[in-house]
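Step one of this worksheet: look at the structure below.
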Amino acid sequence: MPPTNEGLDRLREALRLTTPIVALYDCEPSADLEPLVEAKGRACCFAYYQRWAAGETLVVRRGEESFAAPRHGCPGMQRALGLVEAYPVWMANFLTDGANGAPMGEGLKASPKLAQEFLDRARPPRPKGDTVLMGPLRCERWADVRTVTFFADADRLSALMTLASFWSGRDDEIAAPFSSGCGLMWREVVNQERDRAVLGCTDIAARRFLPAEILSLTVSPARFERMLTFPDTAFLKREWWGELLRSRGL
0 MPPTNEGLDR LREALRLTTP IVALYDCEPS ADLEPLVEAK GRACCFAYYQ RWAAGETLVV
60 RRGEESFAAP RHGCPGMQRA LGLVEAYPVW MANFLTDGAN GAPMGEGLKA SPKLAQEFLD
120 RARPPRPKGD TVLMGPLRCE RWADVRTVTF FADADRLSAL MTLASFWSGR DDEIAAPFSS
180 GCGLMWREVV NQERDRAVLG CTDIAARRFL PAEILSLTVS PARFERMLTF PDTAFLKREW
240 WGELLRSRGL
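In numbering that gives the first Met the number 0, the protein residues as written are 0 to 249.
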């Protein structure tokens with residue numbers, strides 16, 4: 000069942016959540032998603048975090064330009080969102096040693112071979128058109144939502160992870176894959192063998208745009224719908240959750 004604003008408010012209140020809940024929309028820009036802001040230059044999507052908090056929606060347009068002179072946001076984001084499919088031949092070196100003509104080396108994997116293995120598995124999603132939008136969740140646009148991302152501190156993240164696992168007896172309903180920050184908001188969610196929530200904001204390059212205490216949890220639309228239906232007998236309504244909130248002055 001599509002989420003309602005009442006259900007969303009109920010979850011926010013239980014969590015005392017004041018940070019953004021960001022939807023990734025597979026659609027064209029429209030008036031009901033305004034105010035809109037365009038991804039420019041080589042900007043990381045997380046550079047717009049405060050604008051998400053202010054209610055703005057980021058528009059990422061398809062860009063075919065090179066890594067050297069992007070116009071519509073970080074070239075890695077273009078690929079993580081499926082707006083551009085091919086990586087440069089030196090991408091594994093970009094992630095590692097800076098060789099093979101790469102403009103730099105990030106030192107994120109022990110060897111280019113291992114980095115290439117990651118790239119080979121990083122199958123891009125398939126957006127419907129030439130834009131992907133990221134912004135505040137609007138329940139009336141639910142049909143266009145591909146993922147929902149919560150931004151939260153450690154206390155609320157622990158609650159969100161628990162809630163995401165509430166209806167499962169498994170111990171691995173949360174995944175923490177290696178990826179870019181934007182990759183963790185869509186690509187890594189849909190590239191799993193089964194639906195799991197994904198821990199995010201672990202991309203070192205993106206973290207400087209975020210408050211130091213913030214991480215994220217990204218969930219599929221189906222999981223989000225169920226999270227909103229938590230019963231009054233769940234932990235979010237129990238005294239010990241209230242004790243934690245009071246200990247934080249909430």
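By construction, the Cβ of each residue, glycine as well, lies at the ideal position given by its N, Cα and C atoms.
- Counting only residues of its own chain and dropping the five nearest sequence neighbours on each side, F229 has a CB closer than 7 Å to the CB of L162, F165, L235.
- L227 is not a Cβ neighbour of G54, given a cutoff of 9 Å.
- Put simply, the backbone Cα of G128 is about 28 Å away from that of R225.
- Distance from the CA atom of N99 to the CA atom of R247, rounded to whole angstroms, is 51 Å.
- Here DSSP, grouped into helix, strand and coil, assigns P135 to strand.
- One Cα belongs to T217, the other to A67, and the distance between them is close to 30 Å.
- With respect to V58, L80 sits apart: the two C-beta atoms are not nearer than 9 Å.
- Rounded to whole angstroms, G72 and Y24 show a C-alpha spacing of 17 Å.
- The DSSP-derived three-state label of V83 is coil.
- Annotation: the continuous alpha helix (DSSP H) that includes T161 extends over 153-163.
- Taking a 10 Å sphere around the C-beta of P19, we find 16 or more other C-beta atoms and assign the residue as buried.
- For the pair L209 and C44, the Cα-to-Cα distance works out to about 11 Å.
- Only exposed fits G241, as fewer than 16 other CB atoms lie within 10 angstroms of its CB.
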